[in-house]
Structure formats: C-alpha cells, structure tokens
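Top line first, the protein sequences correspond to chains A and B. Numbered by the numbering used here, the letters in the first sequence go through residues 1 to 111 in order. Numbered by the numbering used here, the letters in the second sequence go through residues 1001 to 1117 in order. Even glycine gets a Cβ: it sits at the ideal position worked out from N, Cα and C.
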Amino acid sequence: GQNIDQPTEMTATEGAIVQINCTYQTSGFNGLFWYQQHAGEAPTFLSYNVLDGLEEKGRFSSFLSRSKGYSYLLLKELQMKDSASYLCAVYTTSGTYKYIFGTGTRLKVLA
Amino acid sequence: DTEVTQTPKHLVMGMTNKKSLKCEQHMGHRAMYWYKQKAKKPPELMFVYSYEKLSINESVPSRFSPECPNSSLLNLHLHALQPEDSALYLCASSQEGTSGGAPGTQYFGPGTRLLVL
C-alpha cells in the first residue's frame, strides 16, 4: 500500500530552527514535494527532491534519502508567518502516476 | 502567470441542487486535478485529467462529475450532494503529471469552500 507519515503538530519559537520529518512507503517513487498551506488557503510549492541529498532555498531546505524512505523540511530563522501546515507529497509511478499527500504537519510559531 | 483561478469562492447548496465548480489556468499545463480537503486533513485526490482525458478517478461517487472542455478549463458538476461532502475543493494543474516523466510542480487554485445543507 501507499503510506506517508508526518507528525501531526509541532511548536517552535520565533528565530529558532525546526525540522519536519516525512516517512513514506510507496511502490514506485518519482520525487517528493513539500507544500506550505496557511489556514483557509491553497497549498503553495516549497521544494522538490528526486535525488538523495539536501536542496537549499533561502530559509527553507529539504532533504531526501530514498533508501530510507525519508525526507525532512528544515525551516531556519522562524517567523510568525511560518505558522502553517506543511504537506509532504510523493509522486508515485505505481500503476497510475499521481501525487499522494502525507497527513500534514501543523506548525505553530510562538513569539 | 502562475495562477490557477477557481469560482465560486464559496458555495452553499441544498441536497437537491445542481451546481458546478470552475477552474481555469493559462500556464499551458496539460494535467489538471480536483482534490477534496476536509478541515485539518491533507488534500484527497478525486480526479486527474491528462491532455483533456480523464486518467484517474479515485472511486469518487457519481454525484461528482468532472468535465474538461479544453486544455485551460476544468469543471466539477455537483448533483444530489450529501452534508458530508462539505469541504474545500481544490483545483490544481501541472506541466505533465501523468506521463511517467519527471513530475511537474502542482499549482493550486484558492479553492471553493462548499457547504451542503
């Protein structure tokens, strides 16, 4: 079956660093995406990993280990506006080609 | 232009009504998607259109009927919905999402918040 897991909620302090983990078990893997979704709004693209290693984009970095079925999103210098849900999504090529979303992590940034 | 637009923003309908949700993109994307999202849950895939043909239907009840009139437009026709169908309906598009090549980034519309009474 297809399974993507993330912690349900996390809390961190403004200015700190937080790591949001995503583990996946999918038959057929062709890339992993991270999206940010503020309450009541649409998801917006943050990052994409298809090869092992770290992708850095400003305050946000994403890491992938395909052999471990594991990814994380690292947010540095947290700001209040980073309070949102963070969705991990795998592009799977098993049977049909589609994106499967993880359970999402609600991050609360405190002053 | 990396925008996906959806109308209406909000919709309230009775269980006997017929209504339609609309989605439009002008990025030249050839894959378009409908997702349903309940509060505090991730988006659930409903349908995928690839090159204007329905390529994925995730066992969605027939009271939801998708339509792709052309490469820029995607509709979702609603009929005889149930209160449990109340949710945020998201449309998304990507360059090429179902050909097996490198996936494109999905761009999401703002969604239609649907309430079924």
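Which of helix, strand or coil does DSSP assign to P1042 (chain B)? For this step, residue 1042 (chain B) is matched to residue 42 along the second sequence. If DSSP states are grouped into helix, strand and coil, P1042 (chain B) belongs with coil.
Less than 8 Å between CB atoms is the rule here; does L1114 (chain B) satisfy it with respect to chain A? On the second sequence, residue 1114 (chain B) is found 114 positions in, with the first residue counted as 1. By this cut-off, L1114 (chain B) is not an interface position.
Can you look up M80 (chain A) in the DSSP assignment and give me helix, strand or coil? On the first sequence, position 80 is the one that residue 80 (chain A) refers to. Helix.
Hey, E1044 (chain B) and Y1033 (chain B) are a contact pair by Cβ (cut 8 Å); roughly how many whole angstroms apart? Numbered from 1 along the second sequence, position 44 holds the residue referred to as residue 1044 (chain B). Numbered from 1 along the second sequence, position 33 holds the residue referred to as residue 1033 (chain B). So it is not a contact: roughly 11 Å between Cβ atoms.
Express the C-alpha separation of T105 (chain A) and V1012 (chain B) in angstroms, rounding to a whole number. Indexing the second sequence from 1 puts residue 1012 (chain B) at position 12. Indexing the first sequence from 1 puts residue 105 (chain A) at position 105. Whole-angstrom Cα-Cα distance: 29 Å.
Buried or exposed (CB count within 10 angstroms, at least 16 for buried), T92 (chain A): As a working note, residue 92 (chain A) is residue 92 in the first sequence. By the neighbour-count rule (16 or more Cβ atoms within 10 Å), T92 (chain A) is buried.
Flag this pair as yes or no: are the beta carbons of L78 (chain A) and A16 (chain A) separated by less than 8 Å? Counting from one through the first sequence, the residue named residue 78 (chain A) turns up at place 78. Counting from one through the first sequence, the residue named residue 16 (chain A) turns up at place 16. Their beta carbons are under 8 Å apart, which means L78 (chain A) touches A16 (chain A) by this criterion.
Local Cβ density within 10 Å of D52 (chain A), reported as buried at 16 or more and exposed below that: Position 52 of the first sequence, counting from 1, holds the residue named residue 52 (chain A). So D52 (chain A) ends up on the exposed side.
Return helix, strand or coil for E1096 (chain B), following the three-state DSSP convention. Position 96 of the second sequence holds residue 1096 (chain B). Note: E1096 (chain B) maps to coil in three-state DSSP.
Given that L54 (chain A) touches chain B, what residues does it touch there, using C-beta distances under 7 Å? Residue 54 (chain A) sits at position 54 when you count from the first residue of the first sequence. Correct list: empty, because the minimum Cβ distance to chain B is about 19 Å.
Could one say the Cβ of A42 (chain A) lies closer than 8 Å to chain B's Cβ atoms, at least one of them? As a first step, residue 42 (chain A) must be located in the first sequence, where it is residue number 42. So yes, A42 (chain A) belongs to the interface.
So what does DSSP say about E14 (chain A), is it helix, strand or coil? Within the first sequence, residue 14 (chain A) is the residue found at index 14, counting from 1. The answer is coil: DSSP assigns E14 (chain A) none of H, G, I, E or B.
Give the residues of chain A in contact with G1028 (chain B), contact being defined as C-beta atoms less than 9 Å apart. If you number the second sequence from 1, residue 1028 (chain B) lands on position 28. Simply none; closest approach about 17 Å.
Within 8 Å of any Cβ in chain B, is that where the Cβ of F45 (chain A) sits? Stepping through the first sequence from its first residue, residue 45 (chain A) is reached at position 45. F45 (chain A) counts as touching chain B.
Which same chain residues, not among the five before or five after K1018 (chain B), have their C-beta less than 6 Å away from its C-beta? Stepping through the second sequence from its first residue, residue 1018 (chain B) is reached at position 18. Counting only Cβ-Cβ distances below 6 Å, and skipping sequence neighbours, we find H1079.
Residue span of the beta strand (DSSP E) that contains K108 (chain A), given as start and end: Against the first sequence, residue 108 (chain A) aligns to sequence position 108. Residues T105 to L110.
Could you tell me whether the Cβ of Y99 (chain A) comes closer than 8 Å to any Cβ of chain B? Taking the first sequence and counting its residues from 1, the one referred to as residue 99 (chain A) is at position 99. With 8 Å as the cut-off, Y99 (chain A) counts as an interface residue toward chain B.
Bridge partners for Q1037 (chain B) per DSSP, in chain order? The residue given as residue 1037 (chain B) occupies position 37 in the second sequence. For Q1037 (chain B), which the question treats as bridged, DSSP gives the partners B:L1088.
How would you write the range of the beta strand (DSSP E) that L1081 (chain B) sits in, first residue to last? To locate residue 1081 (chain B), count along the second sequence from 1; it is residue 81. First-last for L1081 (chain B): undefined, no H or E at that position.
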